Amino acid sequence: MIKRHLAKIFTLAFLAGFLVYGLQNQDMFDALAKVSVIALLLVAAGRIAIFVSNGLFTKWTAEAFTRKLTTGEGIYVGILSAIGNFFGPLLGGASIRAVYLKKIHNVSYSHFTSMLMVYYLILFFINGLAVLVSLLWLPRTAQTNGLLLFFGLWLAGLLLLMIVRLPQRQKLHRLDKALAGKIIKIIYDVEHGWLLLLRNRRMLVKMFSLAILSYIASFFISLVEFRALDINIGLAALGLYTAVVVISILVSLTPGAIGIREAMLFLVASTIGVSNTQILQVAVIDRGVLFVLLLGLFAITRSRRLKKKFTAREIAV
-4 MIKRHLAKIF TLAFLAGFLV YGLQNQDMFD ALAKVSVIAL LLVAAGRIAI
46 FVSNGLFTKW TAEAFTRKLT TGEGIYVGIL SAIGNFFGPL LGGASIRAVY
96 LKKIHNVSYS HFTSMLMVYY LILFFINGLA VLVSLLWLPR TAQTNGLLLF
146 FGLWLAGLLL LMIVRLPQRQ KLHRLDKALA GKIIKIIYDV EHGWLLLLRN
196 RRMLVKMFSL AILSYIASFF ISLVEFRALD INIGLAALGL YTAVVVISIL
246 VSLTPGAIGI REAMLFLVAS TIGVSNTQIL QVAVIDRGVL FVLLLGLFAI
296 TRSRRLKKKF TAREIAV
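Using the working numbering, you'd call the opening residue of the sequence shown number -4 and step up by one each time.
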């Protein structure tokens, strides 16, 4: 029972902690009141760029296994996925995309899962690289060596997944149960997706391009948010901050990684050179803009005209 409601418990605990912290440090909201509308619009624009990136991933994944998918439809599904990630249960967004592609375009769950896992592999590789580059540029702290070691091993592990061929899964049947079984399944899904990409080099280039685009959009969002709060932060520190934000989706135990992302940023705050209060201030802007944007997009996706368009597509299929 507790495991079933773990995400809700984490979310409520973080929100309660944030409320208590906010009541004890009410001055943190003074800077938030001075944030310009232009800054909020720029953050929203960055978010939309990420939605487009996710939409292109959906489009290209479908096209790898079935007929053409329009860019508009891909973005539509990407928006539904973002709504599911923010308001829904763990991995709600991925489930929406998987069900949609299966029902409308007959893309099997295994094919979608494999492509999603390998995209995450590429995404985490790009961001892990960004962490190492940022750490080498930043002034050394007590955390630097530990972070360099951790992310060095992180990149080495990702590279191994890319280049090492795994034994047949049947040979690991004794381990294929409980937690070990789930981990083994993920690893084999990644390998399957990677082999599919290696057979389609054009798709491989597209996936790397999407991962880089996603990082650049996230970097832009973070830059605007810090500048809006008049917080001084260098490009290397911002690069580290952005990479940690993106990597936090790996442990998205709560809707939208609420609380999880902030906890990870607290751990490296001294290396980034920002305070916990500043991290929370940026989080308020980021979550607030995303919340309002998703509500607006949800209303648009529920419009009769848009629903009719995709219902007609479903009937045609």
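Just so you know, even glycine gets a beta-carbon here, dropped at the ideal spot from N, CA and C. Keep in mind the model is a prediction, meaning the values are calculated, not measured.
Query: Pair within 7 angstroms by beta-carbon distance, H187 and S129; Result: no
Query: DSSP-derived helix/strand/coil call for R222; Result: helix
Query: Reduced DSSP secondary structure (H/G/I, E/B, other) of I117; Result: helix
Query: Euclidean distance between Cα positions of L292 and I45; Result: 14 angstroms
Query: Residue range of the unbroken alpha helix (DSSP H) whose run includes N140; Result: 139 to 158
Query: Rounded C-alpha distance that separates L144 from A11; Result: 34 angstroms
Query: Residue from A223, R256, I226, A57 whose Cα sits closest to the Cα of T237; Result: R256
Query: Collapsed DSSP secondary structure at V102 in the structure displayed; Result: coil
Query: For L64 and E58, believed in contact at Cβ under 8 angstroms, the rounded distance; Result: 6 angstroms
Query: Segment contact flag, the segment 123 to 138 with the segment 224 to 234, C-beta cutoff 8 angstroms, min 3 pairs; Result: yes
Query: Distance cut-off 6 angstroms: I226 Cβ against heavy atoms of the ligand FMN; Result: With respect to the ligand FMN, the structure offers nothing, as it holds no ligand at all.
Query: Which listed residue (L230, S209, K29) has its alpha carbon closest to that of L218; Result: L230
Query: T136 in three-state terms, based on DSSP; Result: coil
Query: 8 angstroms contact criterion, which G88 and G79 should meet: CB distance rounded; Result: 4 angstroms
Query: Cut-off 7 angstroms between Cβ atoms - residues of its own chain near S270, not counting five sequence neighbours on either side; Result: A264
Query: Between the CA atoms of N20 and T272 - distance to the nearest angstrom; Result: 9 angstroms
Query: Proximity winner among I158, N101, A206, relative to V241 (alpha-carbon distances); Result: A206
Query: Residue from S105, T266, S76 with nearest C-alpha to I91; Result: S76
Query: Distance, A40 Cα to V47 Cα; Result: 11 angstroms
Query: Pair within 7 angstroms by beta-carbon distance, M23 and Y114; Result: no
Query: Nearest-angstrom Cα separation, counted from N49 out to A212; Result: 12 angstroms
Query: Own chain residues within Cβ distance below 8 angstroms of L156, not counting five before or after; Result: L116, I182, V185, E186, W189
Query: Given G147 as reference, the closest of V159, F119, A137 once Cα atoms are compared; Result: F119
Query: Assigned exposure category for L262 - 16 Cβ within 10 Å defines buried; Result: exposed
Query: Limits of the alpha helix (DSSP H) - the one that L64 falls within; Result: Counting along the chain, L64 falls outside any alpha helix (DSSP H), and DSSP gives it neither H nor E.
Query: Local Cβ density within 10 Å of G123, reported as buried at 16 or more and exposed below that; Result: buried
Query: Cα-Cα separation between G141 and L154, rounded to whole angstroms; Result: 20 angstroms
Query: Local Cβ density within 10 Å of K98, reported as buried at 16 or more and exposed below that; Result: exposed
Query: Closest by C-alpha distance to A258, when choosing among I274, L36, G268, I267; Result: I274
Query: Within 7 angstroms, strictly: CB atoms of S101 and T53; Result: The sequence given here has Asn at residue 101, not Ser. Going by C-beta atoms, N101 is not nearer than 7 angstroms to T53.
Query: Status (buried if at least 16 other CB within 10 Å, exposed otherwise) for D225; Result: exposed
Query: Sequence-distant residues of its chain with Cβ nearer than 7 angstroms to L174 (five each side left out); Result: Low local confidence applies: a pLDDT of 48 at L174 is under 50, so the model's placement there is unreliable, with the coordinate-based value given in what follows. Taken in chain order, the list of residues that qualify is empty.
Query: Whether A72 touches Y95 by CB criterion (7 angstroms); Result: Note that residue 72 is Val in the sequence shown here, rather than Ala. Their beta carbons are under 7 angstroms apart, which means V72 touches Y95 by this criterion.
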